[in-house]
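Numbered by the working numbering, the letters in the sequence shown go through residues 3 to 280 in order. The C-beta atom is built at its ideal place from N, Cα and C for all residues, glycine as well. Note that the coordinates shown come from a computational prediction; the quantities given were computed from them, not determined experimentally. Notes to accompany the following structure.
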Amino acid sequence: MAPGGPVRERGDVGDGMRDLPAHGTPAGSLTEGLLERLQSSARTPAVTAAGGARTPAIVFAATAERAAAGLARRGVHPGDVVAVLVPPSPERLLAVFTALAAGAVVLPLEGADPAAAEVLTSTDTRMLLVSEALASDALALADRSRVRQVVAFGQAPETTPFDELLLPGPEGADPDRAAGEAGGGLLTYRADARSVRTAVHGQEELLDRFRALDAQLALTPEDTVALDAAMPEPEQVVLAAVALWSGASVVASPGAPPSELAALGVTVQGSPAPARIG
């Protein structure tokens, strides 16, 4: 299928197929328009953990949009840095997509990283999204940096539950993030004994990579894409966005054994570089 051509899906009218919007690419940011695109499709792609629960992609995208509004109500502005401390999983992907949808610059962290507090301070990060298991680590980092809000998946003392981001705000109070979604991006860093160096991968760079991967892989709703922890974080996030935009499913459990990936029907492996299997 040529980029920009019509996408055809099975339906119950006409010739048994129905047209979806032209394939195209997201405009402005990786997350902008994703929910609307999924809502227009009769297909049901999913975000899955190998051996774990299956979340319909439309639920994943809607959750990210609602949580992004919750971040904005809690003071996150476009261009602010939001850190993510979650092991490779659907939750990590959801945290990143949520922050991107809020127009934030996302700072993915790894557990037990001695440079984490320094990079949080140098980037003036005030919000940290964390898994329940790593909540105590996140609180310790908050004490050593300028982080003031720690939002945790699940229930963890001294944190705000992620589910609270999904609650509706006061009547008419949900912020309009449309102007901010084109900002933000992903922030990566390198640390050595002398310094911590950061690099921001902005939306223009991410969308350029999106278009390149989209053309290279030509994903369809019949595909399932497996992310891999060996991939750089921006590459994982862009690959997931390409998959969901194309109606393909995503396995967000990097490092899953081949037998589990095969059982999930994986057709595209993310590492060492995104490519079709076989």
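{"query": "Compute the distance between the beta-carbons of E235 and T190, then report whether it is under 8 Å.", "result": "yes"}
{"query": "Does DSSP put G72 in a helix, a strand or coil?", "result": "helix"}
{"query": "Am I right that V107 and D82 are in contact with their C-beta atoms under 8 Å? What's the rounded C-beta distance?", "result": "7 Å"}
{"query": "Can at least three beta-carbon pairs, one atom from the stretch 257-270 and one from the stretch 50-60, be found at a separation below 8 Å?", "result": "yes"}
{"query": "Mind listing, in chain order, the continuous alpha helix (DSSP H) runs of no fewer than 4 residues lying wholly within the stretch 86-166?", "result": "92-103, 118-124, 137-145"}
{"query": "Between the C-alpha atoms of V244 and L221, what's the straight-line distance to the nearest angstrom?", "result": "8 Å"}
{"query": "Using a Cβ-Cβ cut-off of 8 Å (strictly less than) and excluding sequence neighbours within five positions of L246, which residues of its own chain qualify?", "result": "L36, L40, P47, V49, A59, F62, A63, V252"}
{"query": "Run the CB neighbour count on R211, radius 10 Å, all protein chains shown included, and call it buried at 16 or more, exposed below.", "result": "buried"}
{"query": "Pull the bridge partners of L189 from the DSSP assignment, please.", "result": "V202"}
{"query": "Less than 8 Å between the CB atoms is what I'm expecting for V104 and A154, so what's the real figure, rounded?", "result": "This sequence places Ala at residue 104; Val is not what is there. Wrong, their Cβ atoms sit about 17 Å apart, outside the cutoff."}
{"query": "Check whether the Cβ atoms of V86 and L102 sit closer than 8 Å, and answer yes or no.", "result": "no"}
{"query": "Please give the ranges of any alpha helix (DSSP H) in the stretch 196-265, keeping only runs that are unbroken, at least 4 residues long and fully inside the region.", "result": "205-219, 235-247, 260-265"}
{"query": "For the alpha helix (DSSP H) that R56 lies in, which residues bound it at each end?", "result": "Here R56 belongs to no alpha helix (DSSP H); instead the beta strand (DSSP E) covers 56-58."}
{"query": "Do you know offhand how far E207's Cα is from A242's?", "result": "16 Å"}
{"query": "With burial defined as no fewer than 16 other Cβ atoms inside 10 Å of the residue's Cβ, what is the status of R146: buried or exposed?", "result": "exposed"}
{"query": "In this structure, how does DSSP classify A51 when only helix, strand and coil are distinguished?", "result": "coil"}
{"query": "Among residues of its own chain, excluding the 5 on either side of G187, which ones have a beta-carbon nearer than 6 Å to its beta-carbon?", "result": "V107, V202, H203, G204, Q205"}
{"query": "Tell me whether R278 sits in a helix, a strand or coil according to DSSP, three-state version.", "result": "strand"}
{"query": "Can you check whether the CB of G272 is closer than 8 Å to the CB of M233?", "result": "yes"}
{"query": "Could you compute how far the alpha carbon of A135 sits from the alpha carbon of V152?", "result": "13 Å"}
{"query": "Closer than 8 Å by C-beta to R68: which residues in its own chain qualify, once you throw out the five before and the five after it? Chain order, please.", "result": "L167, L168"}
{"query": "Closer than 8 Å by C-beta to Q157: which residues in its own chain qualify, once you throw out the five before and the five after it? Chain order, please.", "result": "E134, P163"}
{"query": "At which residues does the alpha helix (DSSP H) containing E38 begin and terminate?", "result": "36-41"}
{"query": "CB R148 to CB T127, shorter than 8 Å?", "result": "yes"}
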